[in-house]
Amino acid sequence: MEQRLHAKCIRGPQKGTLIPPFRLAIIEEGLYRGAYPQKRNLQFLKRLKLKTIISLLPGEPSDDLKGFCKQHNITHLPFAVGKMKDEVTVSPALVAQILETCISPQNLPLFIHCLDGANITGIVVMCLRKLQNWNLSVSTTEFTRFTRGHSIMSVESEFVEMFRSEIKIPLDIPNWYHLAFELFLRELVLGTLGEASGDRQKRHPTLKLKLTKSPEEEAKKPAEPSTPKRKSKPKRKLDTSDSDSEPEPDILQKGMESMRVSRDVEALDLELKGWEKAQTNKENQS
32 MEQRLHAKCI RGPQKGTLIP PFRLAIIEEG LYRGAYPQKR NLQFLKRLKL KTIISLLPGE
92 PSDDLKGFCK QHNITHLPFA VGKMKDEVTV SPALVAQILE TCISPQNLPL FIHCLDGANI
152 TGIVVMCLRK LQNWNLSVST TEFTRFTRGH SIMSVESEFV EMFRSEIKIP LDIPNWYHLA
212 FELFLRELVL GTLGEASGDR QKRHPTLKLK LTKSPEEEAK KPAEPSTPKR KSKPKRKLDT
272 SDSDSEPEPD ILQKGMESMR VSRDVEALDL ELKGWEKAQT NKENQS
């Protein structure tokens, strides 16, 4: 009896069982993190109805993952990132690019992963928390929940502290970023707007943010019509024919008419002044 129970415990997952990737966690609504998804994890990822998967790997993603993304119309963004050892292997420019992808609603739901779902993914998430105005100690606590020994290396902490890359913020942002973004907008309203290029720029407490329009909004923007060249007005020819219709007045005639109207108004004004003066004299005589 004990042998049969033991055999049942070590038996592999049954068909149809949903197995999440290692260290799977929800960062925000529609934003997930975890380790490198294996073939047995793909059925679970299918339930998330992902639009984007970001892979931070030292090599090429597996054919299973690439085929899964192709089959379900998921945008797969693989980036070559080395294994973490004694230094941070992801660049600030790449982190900024990833953050811009994460805060664009058209890319959500999104799953981001590295090999083990710990250090590299954790650094990206810490930079996202920085964008959300999180306290560094709080984001560090979140980081250590996923690392071995529940610790953070000094180079990792320094990377996040020194992260100053420019982040382009679309006008359409996820709901979970609205609260943090309100602080930035208050400073934006009180500060000065950017150049007339259409982009507005203002300093984040620690980052440099730039407000831009999403590609969809830029595509919807109607193209500015080119200024047509002014055609020279053809000279009018005198019409000597016996026509009942009067010729259309030219610019000079229109100008004369406007002058005539203004003169009529001026004459009326003089008449009113004369009438008022006559009334005043009449009252004085009486």
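Residue numbers (the numbering used here): 32 to 317.
Glycine is no exception: its CB is placed at the ideal position from the N, C-alpha and C atoms.
- Locate the beta strand (DSSP E) running through P109, then write down its first and last residues. Indexing the sequence shown from 1 puts residue 109 at position 78. Segment 106-111, the beta strand (DSSP E) holding P109.
- Query: Can you tell which of L81, N138, P123 has the C-alpha that lies nearest to the C-alpha of D203?
  - Reply: Along the sequence shown, one-based indexing puts residue 203 at 172. Of L81, N138, P123, the residue nearest in Cα terms is N138.
- Task: Determine the contact status of A149 and F177, defining contact as a CB-CB distance below 7 Å.
- Result: Here residue 149 refers to the residue found at position 118 of the sequence shown. Here residue 177 refers to the residue found at position 146 of the sequence shown. Cβ distance < 7 Å, so A149 and F177 count as in contact.
- Secondary structure at I183, three-state DSSP: helix, strand or coil? One-based indexing of the sequence shown puts residue 183 at position 152. Under the three-state reduction of DSSP output, I183 falls in the coil class, being neither helix nor strand.
- Task: Would you list the residues sitting across from P52 in a DSSP beta bridge?
- Result: Here residue 52 refers to the residue found at position 21 when the sequence shown is read from its first residue. Partner residues in a beta bridge of P52, as assigned by DSSP, do not exist.
- Which residues in the same chain as T120 place their Cβ atom closer than 6 Å to its Cβ, once the five residues preceding and following it in sequence are excluded? As a working note, residue 120 is residue 89 in the sequence shown. Closer than 6 Å at Cβ, skipping near neighbours: V112, G113.
- Do the region 97-110 and the region 192-212 touch if we need at least three Cβ pairs shorter than 8 Å? No, they do not touch.
- Task: Give the single residue among V156, P140, L79, L108 whose Cα lies nearest to the Cα of P51.
- Result: Within the sequence shown, the letter at position 20 stands for residue 51. Comparing Cα-Cα distances from P51 to each of V156, P140, L79, L108, the minimum goes to L79.
- Task: Sort out for me which residues DSSP pairs F142 with in a bridge.
- Result: Mapped onto the sequence shown, residue 142 falls at position 111. For F142, the pairing in a beta bridge is given by DSSP as Y63, I84.
- Query: So the beta strand (DSSP E) K199 belongs to, where does it begin and stop?
  - Reply: To locate residue 199, count along the sequence shown from 1; it is residue 168. Its beta strand (DSSP E) spans residues 197-201.
- Item | Residues bridged to I154 (per DSSP) | For the purposes of this step, residue 154 is identified with residue 123 of the sequence shown, where counting begins at 1. I154 is not bridged to any residue.
- Item | Near the ligand PLP: L242 beta-carbon under 6 Å from a heavy atom | With respect to the ligand PLP, the structure offers nothing, as it holds no ligand at all.
- Could you tell me which of T48, K82, G90 sits nearest to C145, measuring between CA atoms? Residue numbering aside, residue 145 sits at position 114 when the sequence shown is read from its first letter. It is G90 whose Cα lies nearest to the Cα of C145.
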